[in-house]
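Novice: Take a look at this one; I'll ask things after.
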Amino acid sequence: MTAQTTKRIRKAVFPVAGLGTRFLPATKTVPKEMLPIVDKPLIQYAVDEAVEAGCDTLVFVTNRYKHSVADYFDKAYELEQKLERAGKHEQLELIRNVLPPGVRAIFVTQSEALGLGHAVLCAKPVIGDEPFAVLLPDDLIWSRGDGALKQMADHAQATGGSVIAVQDVPPEQTGSYGIVATNTFDGQAGRITRIVEKPKPADAPSNLAVVGRYILDPSIFDLLETTGQGSGGEIQLTDAISSLLLHKPVEAFRFHGTRFDCGTHLGLIEATVRYALDHELFSEAARTLMQNALAEMGVLET
Ligand code: G1P
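Under the working numbering, the first residue of the sequence shown carries the number 13, and numbering increases by one thereafter.
This is the structure we're talking about:
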């Protein structure tokens, strides 16, 4: 641990401008970030994680079609009045706590889909000159203790640099992720020496893959401004991080928790099963109905 400390992060960026074509037809009218996992939309899980980590300014980078994300975080006066009149206080609390008191949402438009790096750059005017978080809501992280971003924020404060979440992936999957090489990985964290976006297995420097949680030094913005098209013809956050680590420390951090890739159908199904089985109200019933379904289909013997 060094004596250097980083300011606690207060701002979090949520790139939510993607078209979500993989989930058509559902995403024809509903953004993928609004698809529910049991009782909350995907975006709410990422927001809760950022708030838990201490963020009070949430920056959503959206496109002009995604009104429902902004509507979701806006105050719903009429609905609140109706619930109040009907004495439905529990439901009232649920919609009021979408954003806890003292937390504000800011919406920035990404006018062209030029890539994740470009989406993060769109948030520059709101972030200014302080370290900030980026959360990709597709990556849903379930954990029993502190959320992944809170774990990372603690680590960033202790080490004084940027921090990127990583997990091990099977070697044949490196082409779906940013992949890092570290010098002194102690099992949980290590300084990144190299980062490559979606390398073929033969070119991958390791099988430590970037998961969608980042704590970044604000100098990333200047680097993003000069980052050209990379993998897939897009402006990649990974490429700007590759420049960042030449002059600032960037740590890979293996968080405690399970990550579900809700950018895929199976990831979404897996997350739904996990959150249902862990839900304070539905846990037992969910277990029974899953067992019944498996038995009825002849998959599980009763
Ligand atoms: C993005 C990043 C990639 C990272 C991944 C994590 O890729 O570019 O480095 O590993 O998120 O989910 P995407 O999945 O948006 O193609």
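The C-beta atom is built at its ideal place from N, Cα and C for all residues, glycine as well. Note that this is a predicted model, so its numbers are computed, not measured.
When you compare the CB positions of Val-115 and Val-63, do they come within less than 8 angstroms of one another, or not?
Specialist: Cβ distance < 8 angstroms, so Val-115 and Val-63 count as in contact.
Novice: Given Thr-14, which residues of its chain have a CB within under 7 angstroms of its CB, disregarding the five upstream and five downstream residues?
Specialist: In this prediction, Thr-14 scores a pLDDT of 42, lower than 50, which makes its location untrustworthy; the coordinate-derived value is nonetheless stated afterwards. Answer for Thr-14: Thr-171 and Gly-172, listed in chain order.
Novice: Quick check: is any heavy atom of ligand 1 less than 7 angstroms from the C-beta of Tyr-57?
Specialist: Not under cutoff, so the answer is no.
Novice: Only counting the same chain, and skipping five residues up and downstream in sequence, which positions put a Cβ closer than 6 angstroms to that of Lys-78?
Specialist: Excluding sequence neighbours, Lys-78 sits near Pro-43.
Novice: Are the Cβ atoms of Arg-271 and Val-311 separated by less than 8 angstroms?
Specialist: No, the pair does not count as a contact, with Cβ atoms beyond the cut-off.
Novice: Closest to Glu-246 by CA distance: which of Asp-141, Ala-131, Leu-220 and Phe-144 is it?
Specialist: Closest by alpha carbon: Ala-131.
Novice: Please classify Lys-100: is it buried, with 16 or more other beta-carbons within 10 angstroms of its beta-carbon, or exposed?
Specialist: With fewer than 16 other Cβ atoms within 10 Å, it is exposed.
Novice: Using a Cβ-Cβ cut-off of 7 angstroms (strictly less than) and excluding sequence neighbours within five positions of Ala-160, which residues of its own chain qualify?
Specialist: Cβ within range, chain order: Glu-61, Ile-153, Ala-177, Arg-225, Phe-267 and Gly-269.
Novice: Following the continuous beta strand (DSSP E) through Ser-174, name the residue where it begins and the one where it ends.
Specialist: It spans 174-180 - the beta strand (DSSP E) in which Ser-174 sits, taken as one unbroken run.
Novice: Determine which residues share a DSSP beta bridge with Val-73 and list them.
Specialist: Answer by DSSP bridge pairing, in chain order: Pro-27 and Val-120.
Novice: With DSSP run on the structure shown, which of helix, strand or coil describes Ala-15?
Specialist: With a pLDDT of only 40 at Ala-15, under the threshold of 50, the placement of this residue in the model should not be trusted, and no figure is reported.
Novice: Return yes when the Cβ of Asn-75 is within less than 8 angstroms of the Cβ of Gln-122, no when it is not.
Specialist: Yes, these two residues count as a Cβ contact at 8 angstroms.
Novice: Measuring only the C-alpha atoms, how far is Ser-243 from Glu-209?
Specialist: When rounded, the distance between both Cα atoms is 7 angstroms.
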